[in-house]
Each structure stands twice: as C-alpha cells, then as structure tokens.
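Per our numbering, residue 1 is the first one in the sequence shown, and the count goes up by one each step. Even glycine gets a Cβ: it sits at the ideal position worked out from N, Cα and C.
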Amino acid sequence: MCTGAFVLTAAGLLDGRPATTHWRQAEQLRRRYPLVNVLPNQLYVDDGDILTSAGVTAGIDLCLHLIRTDLGAAAANTRARDLVAPPRRQGSQAQFIEQFRPWPTATSSPCCGSGCSTTSQTPSPSTTSRNGPICHGGPSSAASARRPPPRRWPG
Numbered sequence: 001m002c003t004g005a006f007v008l009t010a011a012g013l014l015d016g017r018p019a020t021t022h023w024r025q026a027e028q029l030r031r032r033y034p035l036v037n038v039l040p041n042q043l044y045v046d047d048g049d050i051l052t053s054a055g056v057t058a059g060i061d062l063c064l065h066l067i068r069t070d071l072g073a074a075a076a077n078t079r080a081r082d083l084v085a086p087p088r089r090q091g092s093q094a095q096f097i098e099q100f101r102p103w104p105t106a107t108s109s110p111c112c113g114s115g116c117s118t119t120s121q122t123p124s125p126s127t128t129s130r131n132g133p134i135c136h137g138g139p140s141s142a143a144s145a146r147r148p149p150p151r152r153w154p155g
C-alpha cells in the first residue's frame with residue numbers, strides 16, 4: 001500500500017507490470033524504475049497476484065476490493081459500513097481532483113444577493129463554515145446557510 005510499491009519494485013516484482021503509488025511519489029517511482037508501468041491517477045491496481053494502492057485511504061479501498069472479490073459484495077458493504085467508508089470506489093478513479101472555491105468578493109454575487117456579510121475579503125470565523133461563507137442576509141439566508149453550494153467539476 002502507498003509507497004510499498006517501491007519495495008515491490010526493488011525486489012523486481014513490478015517489472016513490466018502496472019502499479020500505482022501516492023501521487024506525490026509517482027514521478028519518483030517512474031524515474032527510478034522505468035520498467036514499471038506507473039499509473040499515477042489510479043487509487044489502486046489489481047494485477048492478479050500483485051496489488052498496489054495510492055495511499056492510506058486508497059489502501060482501504062483496495063482492502064474492500066479484496067473482501068468483495070473473495071467474500072462478495074455483502075461482506076464488503078458490511079465492512080465499509082463499519083469503517084464509515086464508501087462501499088466501493090473503482091481503482092481507476094482519480095486520486096484527487098483539484099477544486100478551487102474562491103471566497104466571494106465585493107464584485108461577486110453572494111449567495112442571497114442582498115448585502116450579505118460574506119463580501120469581506122477576510123471572512124471571520126462567524127461568517128464561515130467548512131462549506132465556505134455563510135449568508136446572513138436576505139429572505140433565503142436560512143436555507144442558504146443550511147445548504148452547501150452546488151459542486152462545479154472541471155470539465
């Protein structure tokens with residue numbers, strides 16, 4: 001799991017095979033071991049008798065994949081529920097997606113559009129949440145504060 005791909009590669013077990021590792025280490029693995037087919041955008045790779053994963057959480061995904069393969073979906077779903085983890089993420093899923101959500105500025109449209117206090121360049125703790133600025137004005141402010149803004153995926 002994670003950078004364990006370096007150990008497998010040093011032992012010659014990944015020559016000519018696909019493998020992944022943590023995205024921060026993928027280029028180093030590719031440079032040091034050019035015979036390995038490094039797949040830096042995968043959570044995990046199951047190549048039969050050799051499996052590699054991208055990081056700690058991807059290692060959990062890989063373990064759930066093994067449980068699913070060996071014992072079935074019900075067993076994997078039960079274990080995922082115990083771990084409070086998604087029951088299935090495909091190994092081919094990207095390791096991360098950069099998503100920037102800039103703070104609203106005085107020239108942008110705040111969530112309710114009615115003089116919201118989130119137009120400050122430096123939001124205070126009382127006007128922010130883990131989902132971003134909290135609206136404190138306008139007729140829809142209560143609903144806006146409870147509901148996170150829609151996601152915008154790069155595309």
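Among the options, which has the Cα closest to the Cα of residue i?
i, options, result
"residue 16", "38, 22 and 27", "38"
"residue 66", "31, 51 and 3", "51"
"residue 69", "25, 56 and 87", "87"
"residue 60", "12, 85 and 36", "85"
"residue 28", "58, 11, 3 and 57", "3"
"residue 32", "14, 42 and 43", "14"
"residue 58", "76, 89 and 10", "89"
Give a yes or no on whether the C-beta atoms belonging to residue i and residue j are separated by under 9 Å.
i, j, result
"residue 54", "residue 22", "yes"
"residue 20", "residue 40", "yes"
Helix, strand or coil for residue i per DSSP?
i, result
"residue 12", "coil"
"residue 4", "helix"
"residue 76", "helix"
Exercise for the section: Write down every uninterrupted run of the beta strand (DSSP E) in the stretch 15-64 whose length is 3 residues or greater and which is fully enclosed by it, in chain order. Expected result: 44-46 and 51-53
Practice task
Report yes or no: do three or more beta-carbon pairs, one from the stretch 42-56 and one from the stretch 71-83, lie closer than 8 Å?
Solution key: Result no; under three Cβ-Cβ pairs closer than 8 Å.
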